[in-house]
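>
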Amino acid sequence: MENQNLSSQFLPLETLDSLAYYEFAADNVYPLQSLPYSAIYFVDQGAIVIERSNETFLLEQGTCLFIEKQTPRIIKTLANQSATMFLVGFSMRAELHSEFSNQKMLLTKHLQQLLGTIFKLSESIYPEMDTRIYQVNRRLYSVNPLDEWLLYVYLSELILLLLQETTLEQKMELTPATPPLRRQYTHKLTNEVITYMEQTLSKNMSIDSFASQFFVSPSYLKKIFKMDTGYSIINYFRTLKIEEAKRLIRENQVSLTTISNMLGYDSIHHFSNSFKRATGFSPSSYRKSIQSIEEKLDLLL
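Residue numbers are given in numbering that gives the first Met the number 0: position 152 of the sequence shown equals residue 151, and the series is strictly consecutive.
(1) Jot down the residue ranges of each uninterrupted alpha helix (DSSP H) in the region 208-266, minimum 4 residues, whole runs only, in chain order.
(2) From the DSSP output, in three-state form, read off Ser205 for me.
(3) Sort Gln32, Pro11, Ala82 and Ile73 by Cα distance to Phe41 and report the nearest one.
(4) Just to confirm, are Ser211 and Gly263 a CB contact at a threshold of 7 angstroms?
(5) If I follow the unbroken beta strand (DSSP E) through Val42, where does it start and stop?
(6) Using the three-state DSSP reduction, which class does Gly309 fall into: helix, strand or coil?
(7) Rounded to whole angstroms, what's the CA-CA distance from Ser231 to Arg237? Just pull it up for me.
(8) Compute the distance between the beta-carbons of Lys334 and Leu34, then report whether it is under 7 angstroms.
(9) Tyr133 by DSSP, collapsed to three states: which one?
(10) Can the beta-carbon of Gln60 be found less than 7 angstroms from the beta-carbon of Ala25?
(11) Would you kindly work out how many angstroms separate the C-alpha atoms of Leu220 and Tyr184, rounded to a whole number?
(12) For Ala327, write down the residues that DSSP places opposite it in a beta bridge.
(13) Cβ of Glu147 within 7 angstroms of Cβ of Ile132?
(14) If you follow the beta strand (DSSP E) that Ser90 is part of, which residue opens it and which one closes it?
(15) Quick check on Ala244: buried or exposed, where buried means 16 or more other Cβ atoms within 10 Å of its Cβ?
(16) Write down the C-beta distance between Gln164 and Met104 rounded to the nearest angstrom, noting that I regard them as a contact closer than 8 angstroms.
(17) Could you compute how far the alpha carbon of Leu110 sits from the alpha carbon of Arg249?
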């Protein structure tokens, strides 16, 4: 299925040119040559600085910036702060470009979730050139053509809603982004448990210990937590540990052994196995993948 055939006269998106997720180490500079397509840069965690022409933009967690094609840019990370970033490259109708130009926008929770859905769906459609950098001019052998149609609809919805936000005076008063797993859930108990988890990442916790902390039965807590988050309590807690480990590795301030100890693992071997199970990388390989970010950025060209 060709990209050009997926858009109709009612969709703002003409072609999809790039989908990528980058994890940047702290205190680095990444020059990026002109790209043959426009792109939206969305900061998922941390903060980055984007310099283009004579302008400088600070993008903090939850904000995004639209940059026109054929515009050289430099991406910088702050001292002692790593960052992660979504990049969506595309071509859209020419009359819409002026609405987007120079716009720094803060995404609502709905748009954050929509962006997450887009990247999740892309995993079943496009092969990876590198970790979470998708080859959008190819398709996986088993792809359902309807999935790609749906992806274009979601991307068009994202673009239209962003365009709509640029016309609202209150656009920068929207709710800031939250970490990938962190959401406000229906039950107060679920939110309190997650807050407690974030405060106890250095410990080994069981369902019973969480339940006793909040004076509820383990079975009740398991039911409510699963209903709200879709995760079991222990899997959620383990995932928070891995996300914190990734952040610490990107910061590159402490050793892997120290990270293992900080997060309550019994040994570096236990930490390494848990990390590889969750991410597909050993901690040391993950660190190397962050350090080779220039090569990943070159794949955009």
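Yeah, the Cβ is synthetic: ideal placement off N, Cα and C, and Gly gets one too. What you are looking at is a predicted structure, and each value in this text was computed from that prediction instead of being measured.
Let me spell this out:
(1) 217-228, 232-250 and 255-261
(2) coil
(3) Ala82
(4) no
(5) Ser37 to Gln44
(6) Residue 309 lies beyond the range of the chain shown here (0 to 300); nothing can be said about it.
(7) 10 angstroms
(8) Missing from the structure shown is residue 334; the chain here goes from 0 to 300 and no further.
(9) strand
(10) no
(11) 14 angstroms
(12) Because the chain is modelled from 0 through 300, residue 327 falls outside the range shown and cannot be assessed.
(13) no
(14) Ala82 to Met91
(15) buried
(16) Reading the sequence as shown, one finds Glu at residue 164 and not Gln. Indeed they touch by this definition, with Cβ atoms about 6 angstroms apart.
(17) 26 angstroms
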